[in-house]
Amino acid sequence: MYCCECSSEVHERAKICPVCGCNPRGITSDLAGGTIAGAYLLAVLFPIFGLIAALYLACKKEAAHGVVVAGVSLLSMVFSFFLLASSLVAL
Ligand SMILES: [Zn+2]
């Protein structure tokens, strides 16, 4: 295969291009799928921690997931706020 950064030939299983030192497959994260799934779960169950997880994902070059997790966290926060408010009104 060829490095996507410098187009030199690298080994199929090479994680780093020997010529330019970049990842020959381009920017891929080293995060497991479980970590991302966990971040989504946190966003739904514990929005505060979801926001922290979103920042963590953004740092780990998973900005797209980070934005979605942050959005889900905010939605979950707003939802629980209205749930709390409506239950207070009912009293
Ligand atoms: Zn290269």
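Take the sequence shown: its position 34, counted from the start at 1, is 33 in numbering that gives the first Met the number 0, and no numbers get skipped.
Note that the Cβ used here is the ideal one computed from N, Cα and C, for glycine as well.
Just how far apart, CA to CA, sit residue i and residue j?
{"i": "ILE35", "j": "GLY25", "result": "19 Å"}
{"i": "CYS19", "j": "LYS60", "result": "20 Å"}
{"i": "LYS14", "j": "CYS3", "result": "12 Å"}
{"i": "PHE81", "j": "ALA31", "result": "34 Å"}
Regarding residue i and ligand 1, is the C-beta to nearest heavy atom distance less than 6 Å?
{"i": "SER7", "result": "yes"}
{"i": "GLU4", "result": "yes"}
{"i": "CYS58", "result": "no"}
Is it the case that the CB of residue i approaches a heavy atom of ligand 3 more closely than 6 Å?
{"i": "VAL18", "result": "This structure does not include ligand 3; its bound ligands are ligand 1."}
Roughly how far, in whole angstroms, is the beta-carbon of residue i from the beta-carbon of residue j, given that I think they are within contact range, below 8 Å?
{"i": "LEU50", "j": "SER72", "result": "5 Å"}
Which residues in the same chain have their Cβ closer than 8 Å to the Cβ of residue i, if we skip the five residues on either side of it in sequence?
{"i": "TYR1", "result": "SER7, GLU8, VAL9 and PRO23"}
Should the segment 7-24 be called in touch with the segment 37-55, which here means at least 3 C-beta pairs below 8 Å?
no
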